[in-house]
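Colleague:
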Amino acid sequence: MAEAISTTAEILPKAYEPHEVEKRWYSFWEQKGLFMAKITDEKRPYSIVIPPPNITGSLHMGHALNNILQDILIRYKKMAGYNVLWVPGTDHAGIATQNVVERQLAAEGLDRHTVGREKFIERVWQWKEESGGQIINQLKRLGCACDWSRQRFTMDEGLSRAVREVFVRLYREGLIYRGDYIINWCPRCHTALADLEVEHETHKGNLYYIRYPYAEGTGYVVVATTRPETMLGDTAVAVSPEDERYKNVIGRNLILPLLKRVIPVISDSYVDPSFGTGALKITPAHDPNDFEIGLRHKLPTVKVMDETGHMNDEAGPYRGLGRYKCRKKVVADLEAEGLLEKIEPLEHAVGHCYRCKTVVEPTLSKQWFVSVKRLAERAVVAVETGQTRIIPKTWENTYFDWMHNIRDWCISRQIWWGHRIPAWYCDTCSEVIIDTEAPVRCPKCAGKNIRQEEDVLDTWFSSALWPFSTLGWPEETRELKLFYPTSVLITGFDILFFWVARMLMMGLHFMGEVPFKDVYIHALVRDAEGQKMSKSKGNVIDPLIIMDKYGTDAFRFTLAAFAAQGRDIRLSEQRIEGYRHFINKVWNAARFVLMNVDGCQTVEVLRPAPRLSLENRWILSRLKEVIVQVREGLEDYRFNDAAQALYQFVWREYCDWYLEMIKPTLYLTEDQEARNAAQQVMLSVLSASLRLLHPFVPFVTEELWHYLPGSTGSIMEAPFPEGKDYPEDLESEEQMGLLMDVITGIRNLRSEMNVHPAQKVNVIMLSGDAAGRALISVHEGSIRTLARVENLEIRADGDRPRGAVSYITDQVETYMLLQGVVDITAETARLQKEAVKLQTELKRVQNKLANSDFLERAPAAIIAKEKDKVQEFVARLEKIEANLKRLKNVQV
RNA sequence: GGGCGGAUAGCUCAGUUGGGAGAGCAUCGGCCUUACAAGCCGGGGGUCACAGGUUCAAGUCCUGUUCCGCCUACCA
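Residue numbers (my numbering): 332 to 1223.
1) Check each candidate in W479, Q896, Y577 and K697 and name the one with the smallest Cα separation from L1226.
2) Would you list the residues sitting across from P693 in a DSSP beta bridge?
3) Indicate whether I914 and G882 have their beta-carbon atoms separated by less than 8 Å.
4) I1139 and M1096 look like a contact to me (Cβ under 8 Å); what is the Cβ gap, rounded to whole Å?
5) Out of curiosity, what's the CA-to-CA distance linking V959 and H1087?
6) Thinking C-alpha only, which one of G625, K634, V415 and F814 is nearest S600?
7) May I ask you to verify whether the region 664 to 679 touches the region 542 to 557, counting CB pairs closer than 8 Å and requiring at least 3?
8) Tell me, please, whether the region 406 to 420 touches the region 371 to 378 by the rule of three or more beta-carbon pairs shorter than 8 Å.
9) Using three-state DSSP, classify P1029 as helix, strand or coil.
10) With distances taken Cα to Cα, identify the nearest neighbour of L954 among Q975, V981 and F970.
11) Which of the three DSSP states is assigned to R311 in this structure?
12) In angstroms with no decimal places, state the Cα-to-Cα distance between L436 and G651.
13) Quick one: what does DSSP say G393 is sitting in, helix, strand or coil?
14) Just to confirm the assignment: which complete alpha helix (DSSP H) runs, minimum length 4, are found wholly within the region 1036 to 1108?
15) Got a sec, what are the start and stop residues for the beta strand (DSSP E) N1122 sits in?
16) Going along the chain, which unbroken runs of the alpha helix (DSSP H) with 4 or more residues stay wholly within the region 615 to 693?
17) Grab the span of the alpha helix (DSSP H) containing M926 for me, first residue to last.
18) My output table needs one value for D739: the three-state DSSP class, helix, strand or coil.
19) Output the boundary residues of the beta strand (DSSP E) element that contains V819.
20) In chain order, what residues of the same chain have a beta carbon less than 7 Å from the beta carbon of V928, not counting five sequence neighbours either side?
21) State the Cα-Cα distance for the pair V661 and E560, rounded to the nearest angstrom.
22) Determine the closest residue to K1055 out of E645, E460, S793 and R962, with distance taken between C-alpha atoms.
23) If you reduce the DSSP assignment to three classes, tell me which class Q783 lands in.
24) In the structure shown, what three-state DSSP assignment does A754 receive?
25) For D422, which residues does DSSP report across the bridge?
26) Which residue wins for smallest C-alpha separation from M642, given the options L563, P588 and E666?
27) Use the C-beta contact count for S1098: other C-beta atoms within 10 angstroms, 16 or more gives buried, fewer gives exposed.
28) Where does E573 fall in DSSP's three states?
29) Starting from V593, follow the beta strand (DSSP E) in both directions and report where the run begins and ends.
30) Considering only residues of the region 426 to 491, which uninterrupted beta strand (DSSP E) runs meet the minimum length of 3 residues and lie entirely inside it, listed in chain order?
31) What three-state label does DSSP hand K535 in the structure shown?
32) Does the region 714 to 721 touch the region 838 to 858, meaning 3 or more C-beta pairs lie closer than 8 Å?
33) CA-CA distance, T339 and P995?
34) What did DSSP end up calling N1178 once you bin it into helix, strand or coil?
35) Are the beta-carbon atoms belonging to L839 and R709 less than 8 Å from one another?
36) So, with DSSP's three-state summary, where would you put M1147?
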């Protein structure tokens, strides 16, 4: 056995070195198939589908936090005895991916149109095979326990089939339609965008006041606009029906400047009389509101721009100009004609493409839509009735708000990379055919001139099906039966609408059940200054670099410890460094234990026996408490509480107090039985701590697990500790409390008297309480060790020693003898300070107890507590004052 | 415009049924005590944004104000 001890010390280096360890254990887990769910397992199921990262993505802080939290839950539930499944996968990310490949082509002097659709798609697939797996490897780096055998991609054959199936069913139910509608157009990406894909930003612009002359007679109406170039598409001017100023103008005709078209003045309650001049120019083809007004008044629509943002034939002399050049020229021409009244600066919101930040152009266009009203209603009810809980609850309001005001979802995109819409047009008879498979001939006219819709679906369309499409839908698979609805979805609030709401709608519609029971919305990771991390700001902290520098476990623990609900995380490297120290502490605690286990060969959970000594009973009782806290924290998604509880327990209680306290027993005692007990307890608490820590810091715990005597297999297969195995022991906690208080008191005296840490001191303790004296006496060894005491005398009563400084509690008076002369002035000051503090406290409590209202209305337990305090304070004060008197006498 | 969140120690933040203000980091002082200097021991530091109210009792509940964030929206 002596050999074994020295080997352990050699095997475990002084400091934890994460890199080699991390690599080794991840492949170990994968090889042993520990991440794989078993469909035949009879344990209770617990399932999560990953929010699929874009294949173009590289791991950022948001991914890291998101996936670490999922991994913590997955590992916890697995150890807690569930049949867990974590489905991983990636998203094809239509626009983003297409942009990447287009950029590649551009570098070669090509573009997608010269290459052609088929070849282009091939290129994208090729790119995906070569570079699209990057993010997956980065997730592995994080330690994610995903079932990689079930990895999916939104463009997989199976998922594509689900997409077509959903499209066809919705179409046949009348929930998908095609129509002319005003949509947001990105002139750079050449595609329609859903409302959600438009980001609004405040811009400093101008409000131009333009005169529209009457067609008959003299005079003009002045309209105000921020976008003068759209006037070329105006088909009316609207005023408010309640606006007295324009009462006689309604129904008259105006001459549209520059193009000289005749347009009417109409009245519509949408117009706000207080803004601008109260007259609004109406451009139905280039403004969503104007479009609605145009519908109401049956106005013609005139599109003046093409899909690249350039003016078209309808713009007459402005044809071919870019929209901003055109704006300049229109303004200049108006000015020249004396029709520009004035220009005022104005801040207003401008929509941008969420992908490329180009200013979007509202444009009239033929697109496919999902009619979402009915679907949304059901999804609202599901949350209202608690079938799905949104956590933190505050997000429910945001969700309801959005769902109640939801507008139809534009699902067609004019790009090539994505699920091509399963619609075909017959050129012979104009029939539209919607089917999951391509038709050979037109079912109506039997013609063969059939071509498929060019557009593809919004990427979020396939994402919306993710919870059931990844489990095999539309087949009725055993996976679906077992793991749907999934247990929880973990995501950031930024995709609550994009994704979560739509999954709820689709899940309810096609599965008849919510896709997940809980939705946990986690924080946003910001930089140390609270700024959102972004490449353009240059404040991005790269998780991969962090993991290189500090190790994955330190990184994981940091994020978990800061993942408080409802608040963003401000991350700085300093903090991660702090938690690296914690990982190292765990490492060294284990190192210490392993160096001192001798022949102890068991890591069995040890039931606290009454025969165990105080510190052993105490640490087991504390362990019970931390188990409860960790479990509750994880069940309630309070990751920070769970992590903090572990941090405190392992470092402060286990390392600082418990291990220090048993050192004499381990080193010196002749009592073999006591030593064995200490060894068993320290080992079993270490074992439990490692298991509790494992979901947070999987690598270091797995590494240490294999050094524990008697451990078998992976720590992932070990049971998560249960509170019921460790009865709480209040007596031991109370007694330990007294000892810790006295020891801290002596340490304090030493420090204040500048006693060198290596120097031992002599102490006399007085206590009128026999039980207290017995306790101190039994544990005087601990006091000697932890407070560095040479001679310790325990008395019931008697003269207070001269030449001593004191620490007074209500139960024990502790005197530390000084070798030289006590500085009476300093000691008096010290005691007086203490006395004043106590008197203030005492007074406060006494006032409370003097209040008859308090005595009448406060619960008995609270009153009793206050009374206890009075007793304690009075006892301490009396003793301190007695000491002060003695000091005074000495002085005299 | 509507909505939500935040304001607690120098910094970053906990504080879940209202009952004597906490942690980490930083700082100061002392220690290379044979697991760990990525460590050990000790100390200092807060009118819990402001003003009212409810209550025996408010960081915690209510109202208002100020200052920061964020989301959302069809004021041209």
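For each residue, glycine too, the CB sits at the ideal point set by N, CA and C.
Only a predicted model underlies this, so the values are computations on that prediction, with no experimental measurement involved.
Modeller: If we stick to the structure as given:
1) This structure cannot settle anything about residue 1226, because the visible part of the chain is limited to 332 through 1223.
2) Taking the first residue of the first sequence as position 1, residue 693 is located at position 362. DSSP lists N515 as partners of P693.
3) For the purposes of this step, residue 914 is identified with residue 583 of the first sequence, where counting begins at 1. For the purposes of this step, residue 882 is identified with residue 551 of the first sequence, where counting begins at 1. Here I914 is near G882, since their CB atoms are less than 8 Å apart.
4) Within the first sequence, numbered from 1, the residue matching residue 1139 stands at position 808. Within the first sequence, numbered from 1, the residue matching residue 1096 stands at position 765. Contact flag wrong, Cβ pair sits at about 11 Å.
5) The residue you call residue 959 lines up with position 628 of the first sequence. The residue you call residue 1087 lines up with position 756 of the first sequence. If I take the Cα positions, the gap works out to 41 Å.
6) As a first step, residue 600 must be located in the first sequence, where it is residue number 269. Of the candidates G625, K634, V415 and F814, the one whose C-alpha sits nearest the C-alpha of S600 is G625.
7) Touching, yes, given that three or more Cβ pairs across the two stretches are closer than 8 Å.
8) Taking a cut-off of 8 Å on C-beta distances, the region 406 to 420 touches the region 371 to 378, as three or more cross pairs fall below it.
9) In the first sequence, the residue the question calls residue 1029 occupies position 698. The three-state reading of DSSP puts P1029 in helix, counting H, G and I together.
10) Start at 1 with the first residue of the first sequence, and residue 954 comes out as number 623. Per the C-alpha coordinates, the member of Q975, V981 and F970 positioned closest to L954 is V981.
11) Residue 311 is absent from the structure shown; the chain starts at 332 and stops at 1223.
12) Residue 436 sits at position 105 when you count from the first residue of the first sequence. Residue 651 sits at position 320 when you count from the first residue of the first sequence. L436 and G651: Cα-Cα distance of roughly 26 Å.
13) Residue 393 sits at position 62 when you count from the first residue of the first sequence. In the structure shown, G393 adopts helical secondary structure according to DSSP, grouped into three states.
14) As far as the region 1036 to 1108 is concerned, its whole alpha helix (DSSP H) runs of at least 4 residues are 1061 to 1083.
15) Start at 1 with the first residue of the first sequence, and residue 1122 comes out as number 791. Going by DSSP, N1122 is part of the beta strand (DSSP E) stretching over V1120 to R1126.
16) Segments of the alpha helix (DSSP H) lying fully in the region 615 to 693: 619 to 628 and 654 to 667.
17) In the first sequence, counting from the first residue as 1, residue 926 sits at position 595. Annotation for M926: the continuous alpha helix (DSSP H) segment containing it runs E904 to M926.
18) Here residue 739 corresponds to residue number 408 of the first sequence, with the count starting at 1. In the three-state scheme derived from DSSP, where H, G and I count as helix and E and B as strand, D739 is classed as coil.
19) One-based indexing of the first sequence puts residue 819 at position 488. Looking at the DSSP string, the run of the beta strand (DSSP E) that includes V819 is T817 to G823.
20) Taking the first residue of the first sequence as position 1, residue 928 is located at position 597. A distance below 7 Å between beta-carbons, with the five flanking residues on each side excluded, links V928 to the following residues of its chain, in chain order: Q1010, L1014 and P1040.
21) Your numbering for residue 661 matches position 330 in the first sequence. Your numbering for residue 560 matches position 229 in the first sequence. Taking C-alpha positions only, V661 is separated from E560 by approximately 6 Å.
22) To locate residue 1055, count along the first sequence from 1; it is residue 724. It is R962 whose Cα lies nearest to the Cα of K1055.
23) The residue given as residue 783 occupies position 452 in the first sequence. If DSSP states are grouped into helix, strand and coil, Q783 belongs with the strands.
24) Along the first sequence, one-based indexing puts residue 754 at 423. Correct three-state label for A754: strand.
25) Position 91 of the first sequence holds residue 422. Paired residues: N385.
26) Here residue 642 is taken as the residue at index 311 of the first sequence, counted from 1. Nearest of L563, P588 and E666 to M642, Cα basis: L563.
27) Here residue 1098 refers to the residue found at position 767 when the first sequence is read from its first residue. Burial of S1098 is indicated by the presence of at least 16 other C-beta atoms within 10 angstroms of its C-beta.
28) By one-based count along the first sequence, residue 573 stands at place 242. Residue state, collapsed to three classes: coil.
29) Position 262 of the first sequence, counted from the start, is the residue given in the question as residue 593. Counting along the chain, the beta strand (DSSP E) containing V593 begins and ends at V593 to S598.
30) None, since the region 426 to 491 contains no complete beta strand (DSSP E) of that length.
31) Translated into positions along the first sequence, residue 535 becomes position 204. Correct three-state label for K535: strand.
32) Touching, yes, given that three or more Cβ pairs across the two stretches are closer than 8 Å.
33) As a position in the first sequence, residue 339 is number 8, starting the count at 1. As a position in the first sequence, residue 995 is number 664, starting the count at 1. In this predicted model, T339 has a pLDDT of only 48, less than 50, meaning its place in the structure is not dependable enough to derive any value.
34) Taking the first residue of the first sequence as 1, we reach residue 1178 at position 847. Residue state, collapsed to three classes: helix.
35) Within the first sequence, numbered from 1, the residue matching residue 839 stands at position 508. Within the first sequence, numbered from 1, the residue matching residue 709 stands at position 378. Remark: C-beta atoms of L839 and R709 approach each other more closely than 8 Å.
36) Indexing the first sequence from 1 puts residue 1147 at position 816. Three-state result, M1147: strand.
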